[in-house]
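Encoded as structure tokens, the structure appears first; notes follow it.
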Amino acid sequence: LHYDNVLVDEGKVTALLDFEFAAFDWRAMELAICLSKYAGEEPDAMPYFVDFITGFAKTGKLTKEEAEAVPDLINLRILSNIVYFVGRHQAQEDNISSITTRIQNYEKRVNWVKENSD
């Protein structure tokens with residue numbers, strides 16, 4: 011679930027909307043998808059991670075192996091965006107600049123995850 015898919019009215023969550031990638035998947039992938047948006051955000055992404063993980067941990071529990079996989083799953087999500095935009099280009103829904111303009115951002119985010127995976 012991505013924060014853009016949360017509807018809020020007067021400070022209260024009123025609805026959650028997210029069916030784009032509805033599937034049977036690793037439990038840790040949902041957390042990774044959410045965190046992938048924050049990876050590398052300026053000036054400091056770590057507070058986003060701490061707050062989101064703290065909230066997630068109130069009801070979501072991961073095994074040690076799942077938790078250790080989260081950095082790789084975050085990068086998997088970031089890199090899957092390239093495949094998504096290649097597909098949009100192939101379908102003539104976007105031009106190639108939809109990928110090329112994002113490459114530096116993807117690289118920055120992947121490197122941030124690598125540097126902060128502890």
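Heads up, the sequence shown is in my numbering, so the first residue is 11 and it goes up one at a time.
Just so it is clear, CB atoms sit at the ideal spot from N, CA and C, and this is done for glycine as well.
Computed from a predicted structure; not experimentally measured.
- Hey, how far is the Cα of E117 from the Cα of I109? Here residue 117 is taken as the residue at index 107 of the sequence shown, counted from 1. Here residue 109 is taken as the residue at index 99 of the sequence shown, counted from 1. Approximately 12 angstroms, taken between the alpha carbons.
Check: Ends of the alpha helix (DSSP H) at K118?
Finding: As a first step, residue 118 must be located in the sequence shown, where it is residue number 108. I113 to E125 is the span of the alpha helix (DSSP H), which, as asked, contains K118.
Find the nearest neighbour of D61 within the set W36, L45 and V123, judged by alpha-carbon distance. Here the question's residue 61 lines up with position 51 in the sequence shown. Here the closest residue by C-alpha is L45.
* So, are the CB atoms of A79 and A25 less than 8 angstroms apart? -> Mapped onto the sequence shown, residue 79 falls at position 69. Mapped onto the sequence shown, residue 25 falls at position 15. In this structure, A25 does not lie closer than 8 angstroms to A79 by Cβ.
Between P81 and S127, which are expected to be in contact by the criterion C-beta below 8 angstroms, what is the C-beta distance as a whole number of angstroms?
Within the sequence shown, the letter at position 71 stands for residue 81. Within the sequence shown, the letter at position 117 stands for residue 127. Indeed, because the Cβ distance is near 4 angstroms, the residues count as touching under 8 angstroms.
Q) If you run the structure through DSSP and keep just helix, strand and coil, what is T24? A) Indexing the sequence shown from 1 puts residue 24 at position 14. In the structure shown, T24 sits in a strand (DSSP, three-state: E or B).
For this session: Determine the extent of the beta strand (DSSP E) in which R17 is found, giving its start and end residues.
Result: Along the sequence shown, read from residue 1 onward, the residue named residue 17 stands at position 7. This sequence places Leu at residue 17; Arg is not what is there. Its beta strand (DSSP E) spans residues V16 to D19.
Check your understanding: Thinking C-alpha only, which one of K68, D54 and K22 is nearest L41?
Key -> What you label residue 41 is simply residue 31 of the sequence shown in a count that begins at 1. Ranking the options by Cα distance to L41, first place goes to K68.
Quick check on this structure: which residue in Q102, L86, K124 and Q114 has the alpha carbon closest to the alpha carbon of I43? What you label residue 43 is simply residue 33 of the sequence shown in a count that begins at 1. Looking at the Cα atoms, L86 is the closest of the given residues.
Between the alpha carbons of D14 and D28, how many angstroms are there, rounded?
If you number the sequence shown from 1, residue 14 lands on position 4. If you number the sequence shown from 1, residue 28 lands on position 18. Their Cα atoms are separated by approximately 9 angstroms.
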